[in-house]
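>
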Amino acid sequence: MAALLLTLLATAVLVPLFAGTAVAPGQRGFDGGLVAGRQSPGPSGSPSASPSPSVSPSPSPSPSVSTSPPPAQAAPAPAPAPAPAPAPAPQVPAATSGPGWTVNAANVGLRPHGLSCAGLPEYTGDWRVPAGTVISGMLVTTALDLSAGGITVERSCVQPRSADRGMPVLTTTSNLTGAIASSPVVIRDSEIDGSLLDRESAAWATAFVGVANLTGNYVHGFGSGIAVMNAGSALDALIERNYVTGLVAVGDPAADGNHSDAFTVRDFTAEARADRSLVVRNNRFDCDSQNATGALFIQTYSGRIDNVLVEGNLLEGEGFQLALERTNEPYGNVRARNNRLTGTGWGATYMTGGPGWSQWSDNYLYAPGAGDARGTAVAAP
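Those letters in the sequence shown? Residues -24 to -1, 1 to 357, by mature numbering (1 follows the signal peptide of the UniProt record, and there is no 0).
#1: Around the Cβ of Pro106, are there at least 16 other Cβ atoms within 10 angstroms (buried) or fewer (exposed)?
#2: Please report how far the alpha carbon of Val255 lies from the alpha carbon of Gly293, in whole angstroms.
#3: Unbroken beta strand (DSSP E) runs of length 3 or more, entirely within the segment 174 to 221: which are they?
#4: Is the beta carbon of Ala268 closer than 8 Å to that of Asn234?
#5: Residues bridged to Ser337 by DSSP?
#6: Could you check which residue in Glu301, Leu146, Leu285 and Arg104 has the C-alpha nearest to that of Thr328?
#7: Could you tell me which residues DSSP puts in a beta bridge with Thr325?
#8: What is the DSSP secondary structure of Gly347, counted as helix, strand or coil?
#9: Within this structure, are the beta carbons of Val129 and Ser158 separated by less than 8 Å?
#10: Run the CB neighbour count on Ser112, radius 10 Å, all protein chains shown included, and call it buried at 16 or more, exposed below.
#11: Here's a check: name, in chain order, each residue in its chain whose Cβ is nearer than 6 Å to the Cβ of Asn289, leaving out the five neighbours to either side.
#12: Quick check on DSSP: helix, strand or coil for Thr303?
#13: Do you know offhand how far Leu122's Cα is from Thr148's?
#14: Which one or two residues does DSSP pair with Ser112 in a beta bridge?
#15: Do you know offhand how far Glu98's Cα is from Val204's?
#16: Can you tell me where the beta strand (DSSP E) holding Cys93 begins and where it ends?
#17: Given this structure, state the Cα-to-Cα distance separating Glu247 from Ser209, to the nearest angstrom.
#18: Applying the 10 Å Cβ sphere with the 16-neighbour rule, what's the burial state of Ser177?
#19: Out of Ser278, Asn193 and Val354, which one is the CA nearest neighbour of Pro88?
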């Protein structure tokens, strides 16, 4: 019997043990999939080799089982992320005109083309101008909605006979739906004249509000001149060689009166198009109103403003000549170079809020008798 017992012990089969741990997928604090751990079996036990006949045999010790998980394998280091592609630079067209201090009423607008408001036939088309329209050599006596886009107004006189309070004469934003032109609008070599309006109506009107390319225009007789506002997020804008003057004031600007800007930017975002640009070049902006804010006023009133180049302009009149202000939204990449400022009114410059001008170079007080009209250098505000 003892021999049989020894034989059974010597031929016993010991079964290794395996264990796993279940973990809920997606458990907080873990990355990636979770693999259940596996326990390794311990060494097998063995019976005594030659038990003594006088001693009862005893079973071999139970095999030990490791309860420690195998060493964790280090996760491979993630591959470095590729460097992001650089954002495209703003598109800045080449200058096609001399500086703003060479601009006057005789060399912009209709006169260089031998035209006048009185000699043009009257426009009889819809005030909501269809896409693709070219208005050339016409007298326009109503406000125009240019929001359909793809429209050109050239060598024409825009001389409204009436204007709604606070409304622009020309706009690229629909008064009915709020839609903004999605293809370029061009207004060039034209006269925009508020002289037929009563003083109250003129003071509360702005010649242009929206986003467009305005070049070579003579703008006078309104409360404010050109406003880049409700500019959308897609179209570039070029404001070049325009003369804005003769602005109209009414009332007390600190109470119920109007405020006048010869040129202003209130929104122009590049968030959807990093290479979008607004170029304000070689203009003459004269904010000669008694209720002047300034000749060129950049303010983030209705949205963020990006990628603006202010270059080669003559800025004159009351208020501040060149102002930059953060209000409701941020601004960035706003540059001013080679401008002439008269230093009249409240002074040449004003800046508050935000990072300030990204570039400020070669800006001088206007000195008509000096070379290139350079007077004293104007320091960055």
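Ideal Cβ placement from N, Cα and C applies to all residues, glycine included.
Quick look at the numbers:
#1: exposed
#2: 22 Å
#3: 182 to 186, 189 to 191, 194 to 196, 200 to 204, 213 to 216 and 219 to 221
#4: no
#5: Arg313
#6: Glu301
#7: According to DSSP, Thr325 bridges with Leu298.
#8: helix
#9: no
#10: exposed
#11: Gly76, Asn259 and Asn315
#12: It is coil, neither helix nor strand.
#13: 5 Å
#14: The beta-bridge partner set that DSSP reports for Ser112 consists of Glu130.
#15: 28 Å
#16: Run containing Cys93: none; DSSP gives neither H nor E here.
#17: 7 Å
#18: Buried: at least 16 other Cβ atoms inside 10 Å.
#19: Asn193
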